[in-house]
Structure formats: C-alpha cells, structure tokens
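Note that the working numbering numbers the sequence shown so that position 64 is 122, with each residue one more than the last. Written out below as structure tokens is the structure these notes cover.
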Amino acid sequence: MLEEYPAVAGYYTADEPTYRGFAPGYLQMAYDTIKSVSDKPVYMAFCSQDVSENNPALLQNAYDIGMFDYYPLDLGESLFTDIEDEYFGGVRTAVNWKSSVSNAIAALHSVNKPMINIIQAFGQDAAGAMPPKRLPTSNELRYMTYYALLTHNTPGIALWSMRKLKTTAAHPGEPYPYDGNQWISEVATPLSEEVNAYSDAVMAGEIAGAVDDGNFRIKSRVYFDDDTDLYYLLAINDSDVAVQATMNLNIPVYPSTLARYDGSAVPMNGDSFVLNFAPYEVINLSFLRVQCGDANRDGLVNLGDLQILGDNWQSTNASWGEGDFTGEGAVTLADLQLLADNWGYQIGTESIGGVADWAVPEPTLFTLIGFGGLLLAGRHRNK
Ligand SMILES: [Ca+2]
Ligand SMILES: [Ca+2]
Numbered sequence: 059m060l061e062e063y064p065a066v067a068g069y070y071t072a073d074e075p076t077y078r079g080f081a082p083g084y085l086q087m088a089y090d091t092i093k094s095v096s097d098k099p100v101y102m103a104f105c106s107q108d109v110s111e112n113n114p115a116l117l118q119n120a121y122d123i124g125m126f127d128y129y130p131l132d133l134g135e136s137l138f139t140d141i142e143d144e145y146f147g148g149v150r151t152a153v154n155w156k157s158s159v160s161n162a163i164a165a166l167h168s169v170n171k172p173m174i175n176i177i178q179a180f181g182q183d184a185a186g187a188m189p190p191k192r193l194p195t196s197n198e199l200r201y202m203t204y205y206a207l208l209t210h211n212t213p214g215i216a217l218w219s220m221r222k223l224k225t226t227a228a229h230p231g232e233p234y235p236y237d238g239n240q241w242i243s244e245v246a247t248p249l250s251e252e253v254n255a256y257s258d259a260v261m262a263g264e265i266a267g268a269v270d271d272g273n274f275r276i277k278s279r280v281y282f283d284d285d286t287d288l289y290y291l292l293a294i295n296d297s298d299v300a301v302q303a304t305m306n307l308n309i310p311v312y313p314s315t316l317a318r319y320d321g322s323a324v325p326m327n328g329d330s331f332v333l334n335f336a337p338y339e340v341i342n343l344s345f346l347r348v349q350c351g352d353a354n355r356d357g358l359v360n361l362g363d364l365q366i367l368g369d370n371w372q373s374t375n376a377s378w379g380e381g382d383f384t385g386e387g388a389v390t391l392a393d394l395q396l397l398a399d400n401w402g403y404q405i406g407t408e409s410i411g412g413v414a415d416w417a418v419p420e421p422t423l424f425t426l427i428g429f430g431g432l433l434l435a436g437r438h439r440n441k
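As structure tokens, then:
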C-alpha cells in the first residue's frame, strides 16, 4: 500500500552506519526484506568516516543509491571557508567539503552506485542545542547544490532540508544572519523552484559536447527539455576567484533567446557569449532550440531554408547552416523531411510540432515534398 504511493521514491535504511553503529548483517537483512516486497530503491547515507572505512563498498549489497553528508559551515566562519579548507583548532587542514564530496562520489562510483549529495540546511537553534553550524547564503547553497552534478556528473540533484530548520535561530553578523523560516522562503524555496524547472531536462541526461567552457575553472553542462523545447545550460565557477569566460555553443540556438534564469538577456556574438562569474557562482541559462529546417536561424522555416538545403543537396560535410539538421553531416531526405515537417514554423508562435498547428495548408507541404523529389531526380541525372 505504501509501496504504491507515488510520492514514495524508495526506502531509507541507515544514516551514517559507522557513526551510529549499525551492524552490516542488520542492514543486509533490512535490504533483503524490502526487496522481497518492493522494486523501489533503497537509500543509505554515508559520512566521511563511512567513506574512509570503505562502507560504500563493504555494504554495496545493502543499498541501491548512496548519499553523502558533510556539513561544512560553522558559526563564525566567513563565506565558503570550509568548502575548500577546513580549519580544526585554528589549523588549516586538507580536509574540506569539496574533497570529501569528491571522495564519496569516487567510492560510490567504484561500486556502480549513484550518488546524491546532502546539503547543509540547518544552523544552530535558539537554545544552542544544535552543533555550532550556520545557514548557507544563497550563493553557498547554490554552489553546493550544483557542485556534484556539474563537476562529477552525478545523476541528478536533490535538495534536502531538515525538520530542525524551522527552529534555527537568527545569528546576526553571520553571512546569513536570519532565522530558518526566513531562510526557507528567501533562499531554499527560490532554489528549489529553479531546480524543479530543470529537473526533467537534467534527468534526461547531458547533451555531450554542447558547450565549450572557455575557462578551466568553469564547468558547464547542457540539458534539453522535450516539453518546452528549451535547452538549459548550467555553469559553475569551481574556484575562489572571479572568472570571465567566453563560452561557445556547439548546438544551433536562437541567439535572441539566450537568457539567465531570471529572464535577463545574454548577448551572443555568433555562437559565443561572455559570462562573468563571481567566486563559486552558479549561472544558469536557457535558450530555445532552433527548429529543424531553419537553416539560416531567422526564426522561420520557409523557402529561404529550402533554397539553402537545395544548394547543399547530397553534401556529405554540411553544417546546420547548410541544411544538415540531423547532425551526421550529410544533407539527405531525412533533413528535407524535417524541413517539411516544420514548414511554416515561426518563432514565438505555438506552431511547434503537430500537423494541426501548422500555419500553412497541407497542399503546400505536398508541393514541398514534390520539390524534394525533383531535387533528387536532378542530381541523379547529373551523375
Ligand atoms: Ca529560416
Ligand atoms: Ca543530415
């Protein structure tokens, strides 16, 4: 009954098994029992101690998806302090959030387990009962949320929060000085809405090779959402210095549609654009896929595009701008078919896909296909 409830994504058996003293045999029995009645995944959360004691591998038959928790932000610490370097007793150590997360991902990937990173979402409560932690600022939360996905290509993003968040007290003077309730509405909710907007595209997988980062400190990936026809470019500055990156898109886009998440326009120069990153900043963009058939990218699929395709008919090393819409380099009937499918498309209208939405009557389409036939015949005669 619980098993069939759609909001139940899976089952969670152990939080930090080493730290809490769970016996391996007990965890295996729990896993086997769940699996005897359910196909849903079993989750287990590991801490740094679990990773150093090799628990992701030792317990590999007792979970399906591994999670990792490391809470770096302590009261009194400045922005991003322990992201790179943790201080113990005033001494800078090699232990830090970034290396710990990377180690956990490596440990899980070595036994072929997906990894979900658990982000710090709590600070100290009013009674001082919680550990001396502070709430992340918006930039810190965004960096930590996207880090595993963009630098290690973990299979998704999970935003997490703790019930104790609601009792987290305001701490004036800290980088985020307000209480947990304000943090929920001001920091966590906007980020979760943003992540939700990308979730379908991210879960569908990266479009490999779609973007050149332009700077070794920048890690960016492109995803595509079938429902909205939008690409999402998620980019992270994985360093503590400001970076200006000239990035290049290797997929056809409408330059006028490149925008930040807030809708503000990003100017393009050909297929390139410039982004200025603050330290650790995440910048997310969206842009509209160029409709198949629109070779000259003017937002219309019409005779001008058909002419271009005709001029390059049967070319074997063509680009999008020369009529290869399928991406294999050849201009063939498949490309002509795509052009015909979208004949009459106009950017900004609801004419994407579906015969019923076409702006032109069907006889025009038949004429077009007839023209293609003539093109084919013409080439054959010339050989
Ligand atoms: Ca066009
Ligand atoms: Ca082609």
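Glycine is no exception: its CB is placed at the ideal position from the N, C-alpha and C atoms.
By the neighbour-count criterion, in which a residue is buried when 16 or more other Cβ atoms sit within 10 angstroms of its Cβ, D237 is buried. I294 sits away from V280, with the two beta carbons spaced by 7 Å or more.
Set against 6 Å, the gap from the CB of D369 to the closest heavy atom of ligand 2 is not smaller. Within the region 248 to 296, no alpha helix (DSSP H) run of at least 4 residues lies entirely inside it.
In the three-state reduction of the DSSP assignment, V159 falls in the helix class, which pools H, G and I. If you look at M87, you'll find it in the alpha helix (DSSP H) that goes P82 to K93.
Secondary structure remark: continuous alpha helix (DSSP H) runs of at least 4 residues inside the region 312 to 382, in chain order: 361 to 369. For I141, the uninterrupted alpha helix (DSSP H) run begins and ends at T139 to E142, by DSSP. Excluding five sequence positions before and after D363, the CB atoms of its chain that fall closer than 7 Å to its own CB belong to G351, D352, A353, N354 and L397, given in chain order. Under DSSP, no beta-bridge partner is assigned to V245. For Y69, the closest C-alpha among the options F80, D183, P82 and G124 is that of G124. Secondary structure note for V109: its alpha helix (DSSP H) is the uninterrupted segment S106 to S110. Contact annotation: Q349 and Y290 have beta-carbon atoms that are not nearer than 7 Å. Each of P213, D320 and L358 was checked against the Cα of A259, and the nearest Cα belongs to P213. For Q302, the enclosing beta strand (DSSP E) stretches over residues V301 to L307. F138 sits buried, since 16 or more C-beta atoms from the chains shown fall within 10 Å of its C-beta. Contact between A376 and T384 does not hold, since their C-beta atoms are separated by about 10 Å, which reaches or exceeds 8 Å.
Assigned with DSSP and collapsed to three states, D97 falls in coil, not helix or strand. Beta-bridge partners assigned by DSSP to D132: K191. Judged by DSSP secondary structure, Y70 falls within the beta strand (DSSP E) whose first and last residues are Y69 to D73.
Across the set A179, P233, A165 and R192, the C-alpha of A179 shows the shortest separation from the C-alpha of L217. Separation of L116 and I215 (C-alpha to C-alpha, rounded to the nearest whole angstrom) is 25 Å. For M173, the enclosing beta strand (DSSP E) covers residues M173 to I176. Shortest Cα-Cα distance from Y89 to any of G83, E74, A103 and A120 involves A120.
The alpha carbon of T286 has as its nearest neighbour, out of S257, A303 and L307, the alpha carbon of S257. The Cβ atoms of L133 and P64 lie no closer than 7 Å to each other. Of A162, A317 and N239, the smallest CA-CA separation from D108 is found for A162. Residue D140 holds the alpha-carbon nearest to the alpha-carbon of Y201 among H167, D140, R221 and K171. I366 places its beta carbon less than 7 Å from that of G381. Placement of the Cβ of N354 at a distance of less than 6 Å from at least one heavy atom of ligand 1 is found.
Between the region 266 to 280 and the region 218 to 234, the count of C-beta pairs closer than 8 Å stays below three; the two stretches do not touch.
With a cutoff of 7 Å on beta-carbon distance, N342 and V301 are scored as not near each other.
Taking the Cα of E61 as reference, the smallest distance to any Cα among V100, P194, L394 and Y84 is reached at V100. Per DSSP, D298 lies in no beta strand (DSSP E) segment and is marked neither H nor E. E232 and P75 have their C-alpha atoms some 32 Å from each other.
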